[in-house]
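Here is the structure we will look at.
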Amino acid sequence: PSAEPYPYPHVPVMLREVLSAFAPLHVTSYLDCTLGAGGHASEMVAAHPELLTVYGIDVDPTAHTLAEPRIRAAAAGREGFGLRLLRGNYRDLRPLLGTVSSPPPQPTAILMDLGVSSMQIDTADRGFSFMREGPLDMRMDPTAPLSAEEVLNTWSEAELGRILRDYGEEKLWRVVARRLVQAREVEPIRTTTQLVKAVGHTQIGGKLGKGPKGVHPATRTFQALRIAVNDELRRLEQALPDAIAALAPGGRLAVISFHSLEDRLVKHAFARAAGRPTPEDEHRTYGADKFAFLDELEASRVAVLVGNQKPVLPSEEETARNPRARSAKLRVLQKLGGSGD
Ligand code: SAM
């Protein structure tokens, strides 16, 4: 029996790979931009006896409640250890770090483990899971204004179609968007069960339901709504350059993404910081002065990619054990300067 709001502990994704990304560094301070239940953070504390300061950002105050005792237990007896819990969006990591000290601290290691936590999914009344009856909320930040219910019942069919296609990678986005609009015309869609029912009408090749990999037909709709409600891609795109800027010289940033659009944003932000052109740059590259542009990019280089240009993937053993790890990709970057060069 437990008084904890979430019944299941979060299993940190790609833990071994994250720890080895930071293993070569002398990590005196660590910023976790997605603290969650503190799984990665407490393991970082355990793996780095030199680690004295942990900053933990999360939009969800429940995360801090769960993470704090876990991190403190990992640091038990470590003299001078400090934990700063920062409640807010990682998009605001600059001002959040600014509240700690002036000038703001420069962490040696920064982690972003994107998306939703298993505790959030497992809490029925937050509406993240099609397997649990609950209101269609899906806000990671309980004080944010927009809920999934509002998106579903007020956005146009075209907008719903766009998020289903782009965020949900739903091949049948037109069909599903139509169904959602038809369902809400009968009565507003207010619960996860109602939403599953509305999507469940979708026919794939004459058959009801299951996608090619045996995923539940509502999976992609739930994902699309969650990404839209939390404006996840824009927040990430805004946060990446600031996370790179916040790093101490020689420090490393590791990002675990779960969606191809997220990974693309990480890849491009990293490429740019490493002085390499991104696809968005290409048309500029072919403009009037291609070489001047490349020189400019090289001159603005602040970091190098760790490993190669390809992301690190979870082991087969991990994906077998934890289905949530299946789509995970890890990219690591090292800031220039410091002793790491
Ligand atoms: N690494 C954590 C662990 O091992 O326990 C789990 C992190 S979980 C996958 C992601 C967490 O990031 C969630 O708690 C979520 O509330 C938080 N989060 C998602 N987007 C955020 C954002 N834009 N700003 C701050 N926190 C965010």
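For the sequence shown, this note's numbering assigns the number 138 to the initial residue and increments by one for each residue that follows. Glycine included, C-beta positions come from ideal geometry on N, C-alpha and C. If you're wondering where the values come from, they're calculated on a predicted model, not measured in any experiment.
Q. According to the Cβ coordinates, are V191 and L220 closer than 9 Å?
A. It is a contact, given that the beta carbons lie within the stated cut-off.
Quick check on DSSP: helix, strand or coil for K127? Only positions 138 to 478 of the chain appear in this structure, which leaves residue 127 out of reach.
Open item on the list: Helix, strand or coil for T260? Go by DSSP, reduced to three states.
Closed with: Three-state DSSP puts T260 in coil, outside helix and strand.
- prompt: In terms of residues, what are the limits of the beta strand (DSSP E) holding K466?
  reply: K466 to K472 is the span of the beta strand (DSSP E), which, as asked, contains K466.
*Quick one: using the 10 Å Cβ neighbour count with 16 as the cut-off for buried, is V449 buried or exposed?*
By the 16-neighbour rule on beta-carbons within 10 angstroms, V449 is buried.
Is A376 near M249, with beta carbons less than 9 Å apart?
For A376 and M249, yes; Cβs fall inside 9 Å.
Helix, strand or coil: which one does DSSP assign to R311? In the three-state DSSP reduction, R311 falls in the helix class (H, G or I).
>> Alpha carbons only, please: which of E454, E287 and L230 is nearest the one belonging to L168?
In response: Considering only alpha carbons, the answer is L230.
- Item | Anticipated Cβ contact below 8 Å, L223 with G193, distance rounded | Going by Cβ atoms, the distance from L223 to G193 rounds to 6 Å, so yes, they are a contact pair.
Item checked: Whole-angstrom distance between S437 and D418, CA atom to CA atom -> If you take the alpha carbons of D418 and S437, they lie about 14 Å apart.
Report whether the distance from the Cβ of M275 to the nearest heavy atom of the ligand SAM is below 8 Å. No; taking the cut-off as 8 Å, the Cβ of M275 has no heavy atom of the ligand SAM nearer than that.
**Asked** With respect to 8 Å, is the separation between the Cβ of S254 and the closest non-hydrogen atom of the ligand SAM below this value?
**Response** For the ligand SAM, at least one heavy atom lies less than 8 Å from the Cβ of S254.
Can you look up Y304 in the DSSP assignment and give me helix, strand or coil? The three-state reading of DSSP puts Y304 in coil, since its state is none of H, G, I, E or B.
Say yes only if the C-beta of A200 is nearer than 8 Å to one or more non-hydrogen atoms of the ligand SAM, and no if none qualify.
Placement of the Cβ of A200 at a distance of less than 8 Å from at least one heavy atom of the ligand SAM is found.
Residue range of the alpha helix (DSSP H) that S157 falls in?
Residues L152 to F159.
| task | Identify which residue in E306, L362 and P232 has its Cα closest to the Cα of W292. | result | Distance from the Cα of W292 is smallest, within the candidate group E306, L362 and P232, for L362.
- Using a threshold of 8 Å, is the CB atom of P149 nearer than that to any non-hydrogen atom of the ligand SAM? It does: the Cβ of P149 is within 8 Å (strictly closer) of some heavy atom of the ligand SAM.
Next item on the list: Hey, could you find the ends of the beta strand (DSSP E) S394 is sitting in?
Entry: From DSSP, the beta strand (DSSP E) with S394 extends over R389 to S394.
- Message: Between which two residues does the alpha helix (DSSP H) holding I364 run?
- Response: Going by DSSP, I364 is part of the alpha helix (DSSP H) stretching over T356 to V366.
With hydrogens ignored, establish whether the beta-carbon of Q360 is closer than 8 Å to any heavy atom of the ligand SAM. Outside the cutoff, so no.
Q. With a CB to CB cut of under 6 Å and the five nearest residues on each side skipped, what residues in its chain are close to G348?
A. Low confidence applies to G348: its pLDDT is 49, below 50, so where it sits in the model is not reliable, and the reading given next is rough at best. Non-local beta-carbon contacts of G348 in its own chain, meaning distances under 6 Å to residues more than five positions away in sequence, are absent.
Which one of A406, P272, V352 and N445 has the shortest CA to CA distance from A285? In terms of CA proximity to A285, P272 leads the group A406, P272, V352 and N445.
Exercise. Cβ of E369 within 8 Å of any heavy atom in the ligand SAM?
Worked result: Using a cutoff of 8 Å, the CB of E369 counts as near the ligand SAM, since one of the ligand's heavy atoms is closer than that.
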